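Student: Before I ask anything, here is the structure I am working with.
Chains as they are written, first to last, in our numbering: chain F, 751 to 1087; chain V, 751 to 1087; chain R, 751 to 1087; chain X, 751 to 1087.
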C-alpha cells in the first residue's frame, strides 16, 4: 500500500503517519517528490489490510498495489489449468460447447433440445431447474423434477449436464444430477453459496456478476478455491452498462483479462450477453477469436413458445450453423471444436 | 405489451402475429401508422408474459407497458405505509437515524459507539456480525457473538438493533437479536434469502443492489411482501457507475422514485453511498432534503483503527454535528428528527 | 508516478526500469516489498508524463499519483472563489437561481417566463438559442434572434442572462447578449470551444459531460483558466448510468467533490439531472443541502406545449413553491436565497 | 408514440389526452387493457415530436416507438453501402486495416511506422496531428506540420491517410492532406463539427462517443448524411463502464447492432477500446469474427518512447502477427484481408 500525502502536508504530519505504520510492525519508504510526499508500506499484507490512515491529517489518499487473491492468480501458477468434468476437459486445446434451453420445461422439450445439440457437436446439456427471476410471479423452474429430466436427457444422448444452483443448501442435490454446478450472475457475490461450493467435488461454472469487476470476480473464485475446490471455470455473460439496445454488454476483453491474470479457463455466454438471438452467432465467433475456452448457448426447439428468454434462444437449425462457423474460427486460432 | 412491426412487415406477417396472440385467448388492437404497424395486446397478464413473439417474421421489437409488482406499488396502496419496528415508526413524520460501526469488533468498541450515537439522538444501533467481504481473507465478522453484543449494547442504551443477514438459514438466529433484518447490496437479488424473509415477522431493510434498477428493486421487495411480510424499508446506498472518486454514486433521485412508485419508506446510507467520511454530513442533509425517511450511518469511536470501512466512518463528534445539521433540514421540510 | 513490478520480475528487469528513468534525468526510489518491488519516480512532472514504461519486461502497471490541473485546485488556492457576473455574485453566501425555458420559442413565451421567475426570486434568465439536439430533424433553436429576445426579456425584468454556446466561432456573438456563457454536456470536452472561452471576459458555466469523471471535469475547467479566464462555475447536471427511470443520475456527491478539490463555485441542474418534473423540487432542496451555490431550473409558462423538454419543466406556480422550499433549506445551512 | 395512462386515470382524463392529440391534426387509437389504457398516436412524425403530454393528469408515461434517423437506416436502404476512399473500398468483402502511431511525432517516427505497417498489409496510415487531450498541459499535436508529414509518409509508401479533425474550421485544411476525416469520441456529439462534415466530399470515420448509445450514434451519422455527405464509416472504440482494468469496454455487439440497423460499414479500434497492448491482437481477431469491416490500430516503432498512448501501441513486429492472425479469421468468415 502507498500513502500519498497532500501537497500542504507538514513534516509533523508525515512523521505521524510514518510512526503509526511503524508502530504496527511494518516498514516505510519515504519518497519526497516535487509536489507531494509518498509513503510506501512494506511488510505483512494482513497487517497492512487493517491499517486505517485516511483519517490522519495531511493524508490525500491511499493506493492499493497488490491484489488479495492468490490461488486463482497466474502469478502463482503460470501454466493453464485444465478442468476435467467427468472426462470432458475444459481449458485445453479443445473448445467445449454447452447448449440447451434457458429453463427445463418438459421431457419433450428437453429431449428434443438434447438430441439436436448433441447432433451439432455440443458436449454439455444446459437448462435451468431453479430459475432466479426478477419478479416473484414469473416461472421459477421445475426444481428436482427438472434436474432429473436433465440427467435423463443428457445420459440418453451422451452429454454432460451443467445447471444452476441458487441455494447453498442444495449442493448435494444438484451434485447428484449435474456434472458442473453453475453460479448465476445474481449470486456472483453470494459468499455463502461460494463457500458451500468450495466444499463440493464437482467443477463450478462461475458467471460474472451484473456489474462485477475483474478483480471482484477473481476474488469470488478465490472463495471457492480457498474452500478446497480447485475446479473453477469463469463465464463472461455480459455486464450492465448504459446501453439498452442489448440486454447486457458482452465484455470480450474480460476473456483476455482472465487469461492474463489467472490460470483458470473462461467461457462465453453470448445468449445472456446480448439478449438478441441474431447476435449469438457473430458473438460466439468473436468469443472464440478472443481466446475463450468454450461457449454456453441457449437453444430451444421452439423459441417462439419458450417460457423464458425466447428472444435470446437459437433454433436447432441456427445452432448447427453456429457450430459450423465456430469450428472455422477455432481452427483459425489453432484449436479444435 | 405492445408489438412494434418492422416498416417492411407484410400484411401476412402482421396477420400471423395477430393470430398467434388471439389463439392464446388474448385480444389485439392494431394501429397502422405512417411507417409502422403497432399491435397492442390486451388480457390476462400472466398469459401475456409467456408469449414469445420476437422470433416471428416482421417483428421489430416488443415493449412492456406495465410493471409486474403490485403489493409494493403506490397505484394499489396510495397512502404511505408506516413500519413499526418494536415501537419506533419509520415512514411517518419523524426522521429515524441508525448509527454504529461497520462491523462489531469488541464489547468496548460497540458500547462506546452505542453510548455516543444514543446521546446524539440515533434510534437504532447498526453493526455487522456477518460481513460479506470481497476477499475470503478479509475479516468476516463475529457471527452470533457479534449479535449478542449488539443486543446487549442496544438494550443498555435503549436503542433498537439493525443488522445484516447474509444466509437464509439464519433468519431465526438474527431475528432473536435484531429488530430489523438488513439485506445487503450483494444479496439484493438473492431470491432464496428474500423468500425466507417473506416468512419473517420482523421488518426488513432492503438495500439497493450494486447496479439494481428501480424496477428490479421494487420487484425484490415484492418477493418479501408476496411471502407475507409487509414490513419492508428501502435503503438507497449508492450505485456502481464509471466514477471512481466516490466508492459508489449515491442516487438521491431514487428516493423520489421510490416515494412516487411505492407506499413503503426509504432511507439513505451516505457512508457506503460515498465511501468518504467528509461527504457524509452534506449527503445526509441532502438525503433528508430529498425526502428520505431516515439515515443509516457508520460511526466508529476510533475510525483510524477500524477493522473495515474506516475511511467512511464518522467519529462520535462528527456524528453529533451530523445530527444537528440534519435536524435543521428535517425542520425545513416540515419533519422532526 | 509509481511503477509496480511483477512478483516474477528479476533484478535485471528492475535495474533496467531504474536506468531508463534515471537516464531521463529523473530520480527513483525503490521499495522492495514481500511480493513486489515498487519504483517511485521523482522529478519534473512533464518529463515523467512522457515516460512510457509499461512495455518493459517485468512491469506490472504504472500508477499516477498526482493530478495535472493546478489553477482550479484548492491545493493551490485554498479560499473559495466568488465569481462576479455583472454584479451578481456566485459562490458566496447567497444561493443564486437561474430559471427559464429550455429553448427560446417566442417573445410571448419568454417574457411570460421571465416575469414569473423574477417574481419568485430568480436572478438569471436561462433559455437556449442554440440547441444541440440528438437528431438533426429536431428544433435547433432561434440563434441570434433567440439571443436578442433573451437580452430584451432579461433587461425588462431586471435579470441577467445565461445561455449555451455551442460553437467556438460564436464567442463574440453570445458575449454580446449574455452575462454567462454556458458549455453543455455534449461539449464538455470540446477543447476548441474551451480554449476559445479561455479568451472570453465573461464567466463560463461548465456543465459536466454525460460520463465525465470529476478529474476530467476539473481538467476541462483548467483549459478555460489556463487560457486566461478565471471565472468558471461548475454545473452538475446528472451522469449517464444504467438506470433508465431518470433521464440521468444526478450525482450530488459531485458537489461535495468539487467543493473539496476546487475553489470554484458549483451549481446544480435538477431538470436535466432527473428529466422528471416531479423530482425537481426535492432534488433542488437536496442540491442546496449538499452545498451547491445555486440552481439552474427549467421553467415554462405552459410545459404541455413546450417545443423541447416539457417533461422536465416546471410551471411558474410550481417554481414559486421550489423557491419557497429552497429558501428554507438555504437558511437551514446558514445561507441566503 | 404511445401514451400509457395510469391505472387510476378517469375517462375524462383519457378524453382530454385524446382531444389534445386530435386537435393537433393527429389520429389516436385507444386500447383499453385490464389495468391500463394505452393511446397510440398516428400521423406526421414532426407533429408528434412537438407534443408534450406528460403534464396532463392521468398520464403515466410516453413511449417512443420509432427512431428519427432515416438516411443511415437499413430499413430504408437494405443493401450494404461500400465507401470508396480514393480507391480503397470499405464495407465490401475485404477487411481494411488502418495503422500508425497515436500522434505524429517526427518524420523519422512516422516514416518508420508507415514502412512497417505497409509491409504487413495495412492500407491506411493513421496518426494524430490534432490531439484532444484531457489536460491542457499534455502534447496537443503538430497541427498542419503533422498533416504534411502524414501525407508525405503515406504517399511514399503507397498508403491512404486517416486523421482526426477536431475543429469545424479545419475541414478544408484536413481534407487537403487526408483521405478520411476522423471524428473522435469526445466530439461524437459536437453537432457543429458534424454539420461541417456533412458538407465535406471526403469520407468520415465516426467514432462512438464515450457513453453514446447505438441510437445516438446513428443519429450523429444522420447529421453528416443529411448535410449531403453519404460516406460515413462507424468506428467502435470502447465505451465507458464501471470496469477499470481496461481503459474502455470494447463493445463488439455494437458491430452486430450497426450491421443490423444500418447499411454503413463499421470498423473496430482495439487500441483505445482496451488501452492494453496485450489485448490488441485477440480483440482484433474478435472484431473481425464479429463482422467488422476493418480495424484501426496504434502501431509505434518504439512504444516505450511514445509521447502518448504507448501502453496501447503495438510494435511493428507484433503488428505483423496481428495481420497474420486477423487474416486467418477473415478467411474463416469468408472474407479477405
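Backbone N, C-alpha and C fix where the C-beta goes; we use that ideal spot for every residue, glycine too. Note that the structure is a prediction, hence the values are computed from the model and not measured.
With a threshold of 9 Å between beta carbons, is residue 945/F in contact with chain V?
Tutor: Along the first chain, read from residue 1 onward, the residue named residue 945/F stands at position 195. Yes, because at least one Cβ of chain V sits closer than 9 Å to the Cβ of residue 945/F.
Student: Going residue by residue through the stretch 955 to 1008 of chain R, where are the continuous beta strand (DSSP E) segments of at least 3 residues, counting only ones entirely within it?
Tutor: Counting whole runs of 3 or more residues, the stretch 955 to 1008 of chain R contains the beta strand (DSSP E) stretches 982 to 986.
Student: Which stretch, first to last residue, makes up the alpha helix (DSSP H) that contains residue 1050/F?
Tutor: On the first chain, position 300 is the one that residue 1050/F refers to. No alpha helix (DSSP H) contains residue 1050/F, which DSSP labels as neither H nor E.
Student: For the alpha helix (DSSP H) that residue 847/X lies in, which residues bound it at each end?
Tutor: Against the fourth chain, residue 847/X aligns to sequence position 97. Element bounds for residue 847/X: not the alpha helix (DSSP H) but the beta strand (DSSP E), 846 to 850.
Student: State yes or no: is the beta carbon of residue 1047/R nearer than 9 Å to at least one beta carbon in chain V?
Tutor: As a first step, residue 1047/R must be located in the third chain, where it is residue number 297. Residue 1047/R does not count as touching chain V.
Student: At 7 Å on the CB atoms, spell out the chain V contacts of residue 806/F, in chain order.
Tutor: On the first chain, position 56 is the one that residue 806/F refers to. 1054, listed in chain order.
Student: Mind checking if residue 1088/X is an interface residue toward chain V, Cβ cutoff 9 Å exclusive?
Tutor: With chain X covering only 751 through 1087, there is no way to say anything about residue 1088/X.
Student: List the residues that DSSP assigns as beta-bridge partners of residue 834/R.
Tutor: Position 84 of the third chain holds residue 834/R. In the DSSP output, where bridge partners are listed per residue, residue 834/R has 839/R.
Student: Along the chain, where does the alpha helix (DSSP H) containing residue 870/R start, and where does it finish?
Tutor: Residue numbering aside, residue 870/R sits at position 120 when the third chain is read from its first letter. 857 to 870 is the extent of the alpha helix (DSSP H) around residue 870/R.
Student: Mark residue 804/R as exposed unless 16 or more other C-beta atoms lie within 10 angstroms of its C-beta, in which case mark it buried.
Tutor: Mapped onto the third chain, residue 804/R falls at position 54. Buried: at least 16 other Cβ atoms inside 10 Å.
Student: With C-beta atoms as the reference, is residue 973/F less than 9 Å away from residue 1053/V?
Tutor: Sequence index remark: in the first chain, residue 973/F carries index 223 (1-based). Sequence index remark: in the second chain, residue 1053/V carries index 303 (1-based). Contact flag unset, no.
Student: Going along the stretch 870 to 887 of chain R in order, which residues come within less than 7 Å of chain X, judged by CB to CB distance?
Tutor: Cβ contacts with chain X: 882, 884, 885, 886, 887.
Student: Which residues, in order along the stretch 761 to 772 of chain V, keep a beta-carbon less than 7 Å from a beta-carbon of chain F?
Tutor: Correct list: empty, as no residue qualifies.
Student: Residue 962/R to residue 938/R, Cα distance in whole Å?
Tutor: What you label residue 962/R is simply residue 212 of the third chain in a count that begins at 1. What you label residue 938/R is simply residue 188 of the third chain in a count that begins at 1. For residue 962/R and residue 938/R, the distance between alpha carbons rounds to 8 Å.
Student: Could you check if residue 873/R is buried or exposed, using at least 16 other CB atoms within 10 Å of its CB as the buried criterion?
Tutor: Working through the third chain from its first residue, we reach residue 873/R at position 123. Buried.
Student: Helix, strand or coil: which one does DSSP assign to residue 853/V?
Tutor: Here the question's residue 853/V lines up with position 103 in the second chain. Here residue 853/V sits in strand by DSSP.
Student: Check each residue of the stretch 1059 to 1077 of chain V: if its Cβ is closer than 7 Å to any Cβ of chain F, include it; give the result in chain order.
Tutor: Flagged, chain order: 1060, 1061.
Student: Quick one: Cα of residue 835/X to Cα of residue 867/X, how far?
Tutor: Stepping through the fourth chain from its first residue, residue 835/X is reached at position 85. Stepping through the fourth chain from its first residue, residue 867/X is reached at position 117. Answer to the nearest angstrom: the Cα atoms are 18 Å apart.
Student: When you check each C-beta in the stretch 969 to 1002 of chain V against every C-beta of chain R, which residues fall closer than 8 Å?
Tutor: Hits within the stretch, in order: 989, 991, 992, 993, 994, 995, 996, 999, 1000, 1001, 1002.
Student: Scan the stretch 816 to 840 of chain R for residues whose Cβ lies nearer than 7 Å to a Cβ of chain F and list them as they occur along the chain.
Tutor: Of all residues in the stretch 816 to 840 of chain R, 816, 825 have a Cβ within less than 7 Å of some Cβ in chain F.
Student: Suppose only complete runs of 3+ residues qualify. What are the beta strand (DSSP E) ranges in the stretch 753 to 788 of chain R, listed by chain order?
Tutor: List check, beta strand (DSSP E) in window: 777 to 782.
Student: For the putative contact between residue 1015/R and residue 833/R, defined by C-beta atoms under 8 Å, what is the C-beta separation to the nearest angstrom?
Tutor: To locate residue 1015/R, count along the third chain from 1; it is residue 265. To locate residue 833/R, count along the third chain from 1; it is residue 83. Residue 1015/R to residue 833/R, Cβ: 6 Å. Contact.
Student: So with CB distances below 8 Å, who are the chain V contacts of residue 1033/R?
Tutor: Residue mapping note: residue 1033/R aligns to position 283 of the third chain, counting from 1. Those within 8 Å of residue 1033/R in chain V are 1002, 1003, 1006, 1040.
Student: Per the contact definition of three or more C-beta pairs closer than 8 Å, is the stretch 843 to 855 of chain F in contact with the stretch 1067 to 1077 of chain F?
Tutor: Yes, they touch.
Student: For residue 1024/X and residue 793/X, I'd like the C-alpha separation in whole angstroms.
Tutor: Position 274 of the fourth chain, counted from the start, is the residue given in the question as residue 1024/X. Position 43 of the fourth chain, counted from the start, is the residue given in the question as residue 793/X. The straight-line gap from Cα to Cα measures roughly 45 Å.
Student: Grab the span of the beta strand (DSSP E) containing residue 915/X for me, first residue to last.
Tutor: The residue given as residue 915/X occupies position 165 in the fourth chain. Unbroken run through residue 915/X: none, as it is neither H nor E.
Student: Unbroken alpha helix (DSSP H) runs of length 4 or more, entirely within the stretch 867 to 950 of chain X: which are they?
Tutor: Counting whole runs of 4 or more residues, the stretch 867 to 950 of chain X contains the alpha helix (DSSP H) stretches 894 to 906, 921 to 927, 941 to 948.
Student: Should the stretch 765 to 778 of chain X be called in touch with the stretch 1060 to 1069 of chain R, which here means at least 3 C-beta pairs below 8 Å?
Tutor: Verdict: no, contact absent.
Student: Is it a yes or a no for the stretch 992 to 999 of chain V touching the stretch 1026 to 1035 of chain R, going by three-plus beta-carbon pairs under 8 Å?
Tutor: No, they do not touch.
Student: Along the alpha helix (DSSP H) that carries residue 1024/X, what are the first and last residues, could you check?
Tutor: Along the fourth chain, read from residue 1 onward, the residue named residue 1024/X stands at position 274. Here the alpha helix (DSSP H) through residue 1024/X covers 1020 to 1024.
Student: According to DSSP, simplified to helix, strand and coil, what is residue 813/V?
Tutor: On the second chain, residue 813/V is found 63 positions in, with the first residue counted as 1. Residue 813/V falls in the strand class under three-state DSSP.
Student: Which whole-angstrom value is the C-beta distance of residue 954/X and residue 929/X, which I expect to be below 8 Å?
Tutor: Sequence index remark: in the fourth chain, residue 954/X carries index 204 (1-based). Sequence index remark: in the fourth chain, residue 929/X carries index 179 (1-based). Residue 954/X to residue 929/X, Cβ: 11 Å. No contact.
Student: Less than 7 Å between C-beta atoms, sequence neighbours within five positions excluded: which residues of the same chain meet that for residue 759/X?
Tutor: Translated into positions along the fourth chain, residue 759/X becomes position 9. Result list for residue 759/X: 787, 808, in chain order.
Student: Under 9 Å between the Cβ atoms of residue 880/V and residue 915/V?
Tutor: Locating residue 880/V in the second chain gives position 130, where the first residue counts as 1. Locating residue 915/V in the second chain gives position 165, where the first residue counts as 1. Yes, the Cβ-Cβ distance between residue 880/V and residue 915/V is below 9 Å.
Student: Kindly identify the DSSP beta-bridge partner or partners of residue 790/X.
Tutor: Start at 1 with the first residue of the fourth chain, and residue 790/X comes out as number 40. Residue 790/X pairs with 752/X, 779/X.
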